[in-house]
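Worksheet for the structure shown next.
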Amino acid sequence: MSTEIEKTLIEMIAKHAEVKPESLSASMPVKETGIDSLGTAELMFDIEEHYNIVLDNASELQERFELGTIKDLAKRLEQQLECEVEV
Amino acid sequence: MHRVAVTGVGCITALGDNYQQFSKNVLEGYCGVAPVTLFDKSLVISQQVAEVKNFIVENHFDVRKQLPFLDRFAQFALVSAREAVSHAGLTDQVLSESSSVVYGTGIGGQTTQDEGYWRLYGEKAKRLPPFTVPKLVPSSAASHISIDMGITGPSFGVTSSCASAGHALCVGVMMLNSGQCDVAICGGSEAPINVGTVKAWEGMRVLSNDQCRPFSAGRGGVILGEGAATLILETYEHAEKRGATILAELVGFGMSSDANHVVAPIVHGPASAMSKALDNAGIVPEKIDYINAHGSGTQQNDVTETAAIHSVFGKHATNLAISSTKAMHGHTLGAASGVEAAACLSALEHQVAPPTVNFQSADPECDLNYVVNCAQPMKVEYVMNNSFAFGGLNTSIIFRR
Chain A
1040 MSTEIEKTLI
1050 EMIAKHAEVK
1060 PESLSASMPV
1070 KETGIDSLGT
1080 AELMFDIEEH
1090 YNIVLDNASE
1100 LQERFELGTI
1110 KDLAKRLEQQ
1120 LECEVEV
Chain B
9 MHRVAVTGVG
19 CITALGDNYQ
29 QFSKNVLEGY
39 CGVAPVTLFD
49 KSLVISQQVA
59 EVKNFIVENH
69 FDVRKQLPFL
79 DRFAQFALVS
89 AREAVSHAGL
99 TDQVLSESSS
109 VVYGTGIGGQ
119 TTQDEGYWRL
129 YGEKAKRLPP
139 FTVPKLVPSS
149 AASHISIDMG
159 ITGPSFGVTS
169 SCASAGHALC
179 VGVMMLNSGQ
189 CDVAICGGSE
199 APINVGTVKA
209 WEGMRVLSND
219 QCRPFSAGRG
229 GVILGEGAAT
239 LILETYEHAE
249 KRGATILAEL
259 VGFGMSSDAN
269 HVVAPIVHGP
279 ASAMSKALDN
289 AGIVPEKIDY
299 INAHGSGTQQ
309 NDVTETAAIH
319 SVFGKHATNL
329 AISSTKAMHG
339 HTLGAASGVE
349 AAACLSALEH
359 QVAPPTVNFQ
369 SADPECDLNY
379 VVNCAQPMKV
389 EYVMNNSFAF
399 GGLNTSIIFR
409 R
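From first to last, the protein sequence lines are chains A and B. Residue numbers for the first sequence follow our numbering, beginning at 1040 and rising by one. Residue numbers for the second sequence follow our numbering, beginning at 9 and rising by one.
Structural data, given as structure tokens:
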């Protein structure tokens, strides 16, 4: 069962990878979705806009984009949102 | 020194989105000036502008792969460059390493900058879109043309305010003569119809509130225009060898600086550019049939340019035909010399001097043979294209049929 964040991420990634959201699942590694570096930069912008956050620790995050699954990315975001103080 | 052939031209302005349409409109005296539609016109006092009409970006660019990187000025540059390259019949093999791109703009990606500032300071946004920087750099027009056409020769941007495209054409000739390339894709582009830029021009108190009326009594100043024009310059031998149609020859150019004042024009700088162009072309002043003047429609420019033409051409000054086509397509700033080179090519092709529309009555200080309101059929062998920028940066270019 996908969390709300996972669902939102799947929608966003599908848009930038130019694939149907149904073709993606949370267990899929982000880089296997077909999203390219241009799409990744736009995805990070969309995440920041949507959640009104600043994605900190860019290198760690980059690693998630490179190596992790959508679920990993969602978990990482969830942690940031939990301790996020309105900036 | 190589002879330099013009083998292609592309143009997108308020007078149409291609050269043929531009040529027809510029010779028919069609005025492309209308109230601004690109933003809420109540935000500015000077609401009359010369916009590119019915420009549907999706018809020209990949929405995902290209548009995020293209400011409006670079979009115009690319559209006009594609037309020019196609007009010249250039193939990918010819383009690649033997070509270069030299492209002018006065203000570059100001639409992007304006939208960004509005987000940051108006809407209090915390971030800007990820490709803001590559969109706003003035060299992006040159980069995109190079990428779009696979040109691996030297490519760069040129900026000198309202003479940018003129300097780009002059540098293009120098590139051909230095052996850097056989084909130089040169021109200029500008997209100044955004709130911040129009307000900045308003601040200078040089914008007209109704029409641009160059050399006319009662002229009220500049009308801002947007667009781009691209010329394909090629060594004559190269053009002949590949069997290209030669539209005209760029026979001479002159560049000079006033070294005087940031905005006030003086006679000697423009006169020097015109004299150098004549020397460079190796012709006497009497050879020039038509001048497409800088003719911005400000009080000072038009009087100063008239005096400069008197000083260079002597008695012939009152014989040759002069017009400013800015009254029709607006002042396209960094694109102006390119757009007006396109008007010169139309004059050569059709043997007609384009008119200065919106002319009302003579100004005693502007006493030359201006072609007013209606085009004038005439013999046109040599034409001169003048651009005199703020900061006293001047170019004058001569084309021959």
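Yeah, the Cβ is synthetic: ideal placement off N, Cα and C, and Gly gets one too. Just so you know, these numbers come straight off a predicted model, no measurement behind them.
Residues near residue i by beta carbon distance below 7 angstroms, same chain, minus five either side
| i | result |
| --- | --- |
| A281/B | G262, M263, S264, N402, T403 and S404 |
| C382/B | G37 and P363 |
| V102/B | V191 and R250 |
| A1056/A | T1072, G1073, I1074 and G1078 |
| L75/B | V65 and F69 |
Secondary structure of residue i, DSSP reduced to three states
| i | result |
| --- | --- |
| A343/B | helix |
| S264/B | strand |
| G322/B | helix |
| L401/B | strand |
| E1050/A | helix |
| G235/B | strand |
| M157/B | helix |
| P278/B | helix |
| T1072/A | helix |
| V179/B | helix |
| A149/B | helix |
| S172/B | helix |
| T364/B | strand |
| N381/B | coil |
| S304/B | coil |
| Q29/B | helix |
| V1126/A | The pLDDT assigned to V1126/A is 44, lower than 50, so where the model puts this residue is not dependable; a value taken from the coordinates is nonetheless given after this. V1126/A falls in the coil class under three-state DSSP. |
| C374/B | coil |
| G18/B | strand |
| G165/B | strand |
| E105/B | coil |
| E1045/A | helix |
| R221/B | coil |
| M392/B | strand |
| V52/B | coil |
| V311/B | helix |
Contacts around residue i, its chain only, beta-carbon distance under 6 angstroms, and the 5 residues preceding and following it disregarded
| i | result |
| --- | --- |
| A285/B | G260, F261, G262, S404 and I406 |
| G180/B | V110, A192, C194 and L241 |
| Q121/B | L144 |
| Q359/B | V388 |
| K295/B | Y390 |
| H206/B | Per the sequence presented here, residue 206/B reads as Val, with His not at that position. Closer than 6 angstroms at the Cβ level, and outside the excluded window around V206/B, lie V52. |
| F321/B | P293 |
| L1116/A | I1044 |
| I274/B | D266 and N268 |
| C39/B | M336 and V365 |
Test item: CB-CB of residue i and residue j under 9 angstroms
| i | j | result |
| --- | --- | --- |
| D414/B | E248/B | Here chain B comprises residues numbered 9 to 409, so residue 414/B is not present and cannot be evaluated. |
| A267/B | A13/B | no |
| N393/B | G174/B | yes |
| I201/B | Q219/B | no |
| H246/B | F30/B | no |
| T340/B | R227/B | no |
| A237/B | S88/B | yes |
| S172/B | A329/B | no |
| N300/B | T326/B | no |
| I159/B | S197/B | no |
| A22/B | E348/B | no |
| L239/B | H10/B | no |
| G346/B | L177/B | yes |
| S186/B | G165/B | no |
| P162/B | S106/B | no |
| Y125/B | G204/B | yes |
Neighbourhood of residue i by C-beta distance below 8 angstroms, restricted to the same chain and skipping five residues each side
| i | result |
| --- | --- |
| T45/B | E59 |
| V311/B | D371, E373 and C374 |
| L86/B | H68, F69, L78, A149, H152, I153 and D156 |
| Q384/B | A329, V360, A361 and P363 |
| W209/B | S54, P200, L215, V230 and L232 |
| A133/B | R127 |
| M1051/A | L1082, D1085, I1086 and H1089 |
| T1108/A | A1065, S1066, M1067, P1068 and V1069 |
| Q368/B | R221, S224, A225 and G226 |
Distance cut-off 8 angstroms: residue i Cβ against heavy atoms of the ligand GDP
| i | result |
| --- | --- |
| I296/B | Ligands in the displayed structure: none, and consequently the ligand GDP is not present. |
Contacting positions in the segment 1056-1090 of chain A - beta carbon closer than 9 angstroms to chain B: E1057, L1077, G1078, A1080, E1081, M1083, F1084, E1087 and E1088
Name, going along the chain, the residues of the segment 215-226 of chain B whose beta-carbon falls closer than 7 angstroms to a beta-carbon of chain A. Listed by position along the chain: nothing, the set is empty.
Residues in the segment 131-145 of chain B having any Cβ partner in chain A nearer than 9 angstroms: A133, K134, R135, L136, P137, P138 and F139
What residues from the segment 69-87 of chain B come within 8 angstroms of chain A, judged by C-beta to C-beta, listed N to C? Of all residues in the segment 69-87 of chain B, R72, K73 and P76 have a Cβ within less than 8 angstroms of some Cβ in chain A.
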